[in-house]
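J.: Chains as they are written, first to last, in the numbering used here: chain A, 722 to 955; chain B, 306 to 590.
Heads up, the beta-carbon is just placed ideally off N, CA and C, and yes, glycines get one too.
Please read all numbers here as calculations on a predicted model, not as lab measurements.
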Amino acid sequence: MNKTRWLAIVGRKGGSGKTACALGLAAHYARAGKRALLVDLDPQGSGTLALGADANGEALAALLNGTGEKVPYVTISEAPPVALVPGGPALETVAAPRPLRDALGNVPADVVLVDCPPGHADLDRLALQAADVVLACCEAHRLGIAGAARVLDETKGLRPRPRCALVLSRVDERRGLDRAAPDLLAGAFALPVLTIHQDAALALALNAGGLPPASGKAAADLDAVAGWIDKGDR
Amino acid sequence: MNRKDKDELLDRRKRWGLETPRTNRPTEKAAAGLLAGVQAGHAQARLDKRLAADAAHAGDVGLMPLDAVLGRVGGLDTREPTPDAVDTMTETLEALGLIVPLAVDCRGRLLCGKTRLLALRRLKAKDPDRWGKVPVRRYDFDAEADPARALAVEVAENEQRKAYTPAEVRGLADRLKTAGFRATAGRPRKGTRALLPALGAVVGKSKRQLLRILNPDAGGDGKPQPVTMADACARLRRALGAFDRVAGDVALSTMKPNERRAVRDAAALAELLDRITEREHHADE
Numbered sequence: 722m723n724k725t726r727w728l729a730i731v732g733r734k735g736g737s738g739k740t741a742c743a744l745g746l747a748a749h750y751a752r753a754g755k756r757a758l759l760v761d762l763d764p765q766g767s768g769t770l771a772l773g774a775d776a777n778g779e780a781l782a783a784l785l786n787g788t789g790e791k792v793p794y795v796t797i798s799e800a801p802p803v804a805l806v807p808g809g810p811a812l813e814t815v816a817a818p819r820p821l822r823d824a825l826g827n828v829p830a831d832v833v834l835v836d837c838p839p840g841h842a843d844l845d846r847l848a849l850q851a852a853d854v855v856l857a858c859c860e861a862h863r864l865g866i867a868g869a870a871r872v873l874d875e876t877k878g879l880r881p882r883p884r885c886a887l888v889l890s891r892v893d894e895r896r897g898l899d900r901a902a903p904d905l906l907a908g909a910f911a912l913p914v915l916t917i918h919q920d921a922a923l924a925l926a927l928n929a930g931g932l933p934p935a936s937g938k939a940a941a942d943l944d945a946v947a948g949w950i951d952k953g954d955r
Numbered sequence: 306m307n308r309k310d311k312d313e314l315l316d317r318r319k320r321w322g323l324e325t326p327r328t329n330r331p332t333e334k335a336a337a338g339l340l341a342g343v344q345a346g347h348a349q350a351r352l353d354k355r356l357a358a359d360a361a362h363a364g365d366v367g368l369m370p371l372d373a374v375l376g377r378v379g380g381l382d383t384r385e386p387t388p389d390a391v392d393t394m395t396e397t398l399e400a401l402g403l404i405v406p407l408a409v410d411c412r413g414r415l416l417c418g419k420t421r422l423l424a425l426r427r428l429k430a431k432d433p434d435r436w437g438k439v440p441v442r443r444y445d446f447d448a449e450a451d452p453a454r455a456l457a458v459e460v461a462e463n464e465q466r467k468a469y470t471p472a473e474v475r476g477l478a479d480r481l482k483t484a485g486f487r488a489t490a491g492r493p494r495k496g497t498r499a500l501l502p503a504l505g506a507v508v509g510k511s512k513r514q515l516l517r518i519l520n521p522d523a524g525g526d527g528k529p530q531p532v533t534m535a536d537a538c539a540r541l542r543r544a545l546g547a548f549d550r551v552a553g554d555v556a557l558s559t560m561k562p563n564e565r566r567a568v569r570d571a572a573a574l575a576e577l578l579d580r581i582t583e584r585e586h587h588a589d590e
């Protein structure tokens with residue numbers, strides 16, 4: 722990877738697994754020796770809270786509003802190298818934001834993961850505009866899928882369109898619906914459908930305020946998601 | 306349905322190589338729910354786009370000096386068009402003219418159409434009389450003050466290109482052919498102008514989509530699709546499956562004679578398919 726890759730993790734609906742996916746991928750890339758930067762665009766600051774940082778989002782909001790200059794990097798871990806630009810309620814005050822790449826300038830990272838908020842089309846658009854790759858997260862449920870479809874449709878207007886995939890989160894194959902959903906949705910969206918299985922270890926790690934674990938069901942799935950993302954390098 | 310009918314039904318499905326139906330079908334209902342979610346999301350996205358376009362207060366299209374069209378705010382293009390894309394666009398514009406106007410903000414800064422703008426500048430350098438003024442849609446907001454709206458317009462403008470009907474695409478293809486563009490297999494020879502990239506630049510469709518429109522009977526590469534015996538068998542089995550979804554829950558004893566005949570024919574077809582599949586399997590060994 723010779724230039725910074727920007728990933729937008731979107732979903733539009735709340736609780737669709739965006740933050741877990743973003744943190745899991747950040748941990749994956751960092752463990753692979755790449756500098757990962759998580760940009761929390763969520764006014765709820767879920768990613769920021771999960772990493773134990775101060776979730777007010779004021780500095781990022783100021784940057785986007787054009788009133789701030791310093792990017793508020795927070796080092797989460799030196800090794801593996803993970804940094805965070807915290808989000809939080811102040812992001813609700815962003816009215817006419819500067820483009821995200823413009824606001825952040827040259828980022829000291831190999832991979833930037835933009836964790837998008839639920840129900841906030843304008844902030845989603847900022848991330849979509851910046852993204853090389855878009856991952857739309859949802860559970861195998863019609864409400865989540867409607868949110869993912871809504872935000873994926875926005876990418877169709879971007880030229881060239883970023884690479885997009887649907888990420889089904891908290892998949893539990895004991896449920897018939899979860900088994901059927903990947904094929905069904907791959908056909909309906911004409912996009913790759915990637916899955917992240919239900920994994921208590923991932924939920925526990927996020928609850929404990931740390932990076933997701935390197936092993937387990939979800940970790941293996943996240944490796945596969947990263948594999949799909951990295952395929953674009955070749 | 307009595308026990309005998311049920312057994313006959315199961316036996317029929319088994320002989321046709323179809324899966325035995327599950328006794329409860331929550332998955333089918335739930336699957337319909339998932340697809341309804343996809344449709345609902347698309348509908349909401351369409352509404353989002355319409356609202357965004359309305360909010361952007363699109364102005365009328367008028368002619369504007371090309372030199373007055375400025376680059377995007379801060380020269381900021383998230384993705385720069387490739388030289389190939391600009392070459393193709395230049396050739397296309399030369400043959401067809403500018404069909405979709407550029408979009409600019411209230412200060413003349415580009416909102417949508419970077420590839421077209423670069424191609425137009427090249428053409429103007431060669432022929433300033435023809436390309437000095439170009440059709441432009443002017444929006445009454447400042448992209449610098451409202452970049453989110455600028456992006457909404459870009460998305461909405463680009464989306465509009467999706468609205469070309471197959472007949473319109475074929476009409477544009479004919480015009481390009483008249484101008485010397487050719488649809489050739491593989492890489493075009495030097496000096497030949499390739500039809501599909503030029504057409505794709507105008508209508509915003511992929512090569513595969515264009516081939517499907519221009520040549521509906523062909524495969525993705527434009528050549529007639531080869532059909533293997535296995536493909537044909539699989540297709541027939543799918544057809545049998547569809548037939549079974551209509552007739553499968555009806556017991557033979559309640560059918561009219563012609564319906565029974567259709568079921569028997571389908572059963573004979575299923576047996577034939579089994580024999581073919583078996584033969585192919587042995588041939589593979």
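Please confirm whether A/Leu746 and A/Ala947 have their CB atoms less than 8 Å apart.
T.: Walking along the first sequence from the start, residue 746 of chain A turns up at place 25. Walking along the first sequence from the start, residue 947 of chain A turns up at place 226. Against a cut-off of 8 Å, the Cβ pair of A/Ala947 and A/Leu746 comes out as a contact.
J.: Spatial neighbours of A/Arg819 within its chain, please: C-beta separation below 7 Å, excluding the five flanking residues on both sides.
T.: Your numbering for residue 819 of chain A matches position 98 in the first sequence. These residues qualify, in order along the chain: Leu785 and Gly787.
J.: Show which residues of chain A have a CB atom less than 7 Å away from the CB atom of B/Leu456.
T.: Within the second sequence, the letter at position 151 stands for residue 456 of chain B. Those are Arg846 and Gln850, listed as they occur along chain A.
J.: Exposed or buried, B/Ala535, counting other C-beta atoms within 10 Å across all chains shown (16 or more means buried)?
T.: Indexing the second sequence from 1 puts residue 535 of chain B at position 230. Result: exposed.
J.: Taking the beta carbon of A/Lys952 as the centre, do at least 16 other beta carbons fall within 10 Å, making it buried, or is it exposed?
T.: Working through the first sequence from its first residue, we reach residue 952 of chain A at position 231. Per the 10 Å Cβ criterion, exposed.
J.: Within 10 angstroms of its Cβ, does B/Arg311 collect 16 or more other Cβ (buried), or is it exposed?
T.: The residue labelled residue 311 of chain B in the question sits at position 6 within the second sequence. Going by the sequence as given, residue 311 of chain B is Lys instead of Arg. B/Lys311 should be labelled exposed.
J.: At 3 residues or longer, what runs of the beta strand (DSSP E) sit wholly inside the stretch 376–418 of chain B?
T.: The stretch 376–418 of chain B contains these whole beta strand (DSSP E) runs: 407–409 and 415–417.
J.: Please report the Cβ distance between A/Lys739 and A/Val731, rounded to the nearest whole angstrom; I am assuming they are in contact, meaning their Cβ atoms lie under 8 Å.
T.: What you label residue 739 of chain A is simply residue 18 of the first sequence in a count that begins at 1. What you label residue 731 of chain A is simply residue 10 of the first sequence in a count that begins at 1. A/Lys739 to A/Val731, Cβ: 7 Å. Contact.
J.: Just by C-beta distance, which residues in the stretch 341–358 of chain B are closer than 7 Å to chain A?
T.: Listed in sequence order: Ala341, Gly342, Val343, Ala345, Gly346, His347, Gln349, Ala350 and Asp353.
J.: State the Cα-Cα distance for the pair B/Gly418 and B/Asp447, rounded to the nearest angstrom.
T.: Translated into the one-based positions of the second sequence, residue 418 of chain B becomes position 113. Translated into the one-based positions of the second sequence, residue 447 of chain B becomes position 142. Cα to Cα, the separation comes out at about 17 Å.
J.: Buried or exposed: A/Pro838, going by 16 or more other Cβ atoms within 10 Å of its Cβ?
T.: Position 117 of the first sequence, counted from the start, is the residue given in the question as residue 838 of chain A. It is buried - the Cβ of A/Pro838 has at least 16 other Cβ atoms within 10 Å.
J.: In three-state DSSP terms, what is B/Tyr444?
T.: Residue 444 of chain B sits at position 139 when you count from the first residue of the second sequence. Here B/Tyr444 sits in strand by DSSP.
J.: Establish whether the CB of B/Pro406 and some CB of chain A are separated by less than 8 Å.
T.: Mapped onto the second sequence, residue 406 of chain B falls at position 101. No, B/Pro406 lies away from the interface with chain A (no Cβ there is under 8 Å from its Cβ).
J.: Assign A/Arg891 to one of two classes, buried (16 or more other C-beta atoms within 10 Å of its C-beta) or exposed (fewer than that).
T.: Taking the first residue of the first sequence as position 1, residue 891 of chain A is located at position 170. The residue is buried, with at least 16 neighbouring Cβ atoms inside 10 Å.
J.: Is it buried or exposed, A/Pro737, if we count other Cβ atoms within 10 angstroms and call 16 or more buried?
T.: On the first sequence, residue 737 of chain A is found 16 positions in, with the first residue counted as 1. Residue identity differs from the one stated: residue 737 of chain A is Ser in this sequence, not Pro. By the 10 Å Cβ count, A/Ser737 comes out buried.
J.: Quick one: grab the DSSP three-state call for A/Ser936.
T.: Here residue 936 of chain A refers to the residue found at position 215 of the first sequence. A/Ser936: coil per DSSP, three-state reduction.
J.: With B/Ser558 as the anchor, note down where its alpha helix (DSSP H) starts and where it stops.
T.: Within the second sequence, the letter at position 253 stands for residue 558 of chain B. From DSSP, B/Ser558 is part of no alpha helix (DSSP H); its letter is neither H nor E.
J.: Counting only runs of 4+ residues fully inside the stretch 854–917 of chain A, write out the alpha helix (DSSP H) ranges in chain order.
T.: Those alpha helix (DSSP H) runs which fall completely within the stretch 854–917 of chain A and span 4+ residues are 863–876 and 897–910.
J.: By Cβ distance below 7 Å, which residues in the same chain neighbour A/Asp775 in space, the five residues on each side in sequence not counted?
T.: For this step, residue 775 of chain A is matched to residue 54 along the first sequence. The answer, listed in chain order, is Pro807.
J.: Please report how far the alpha carbon of B/Ala567 lies from the alpha carbon of B/Thr470, in whole angstroms.
T.: Numbered from 1 along the second sequence, position 262 holds the residue referred to as residue 567 of chain B. Numbered from 1 along the second sequence, position 165 holds the residue referred to as residue 470 of chain B. Cα to Cα, B/Ala567 sits roughly 39 Å from B/Thr470.
J.: Take the Cβ of B/Asp445 as the centre, count every other Cβ of all protein chains shown within 10 Å, and call the residue buried at 16 or more, exposed below.
T.: Indexing the second sequence from 1 puts residue 445 of chain B at position 140. It counts as exposed.
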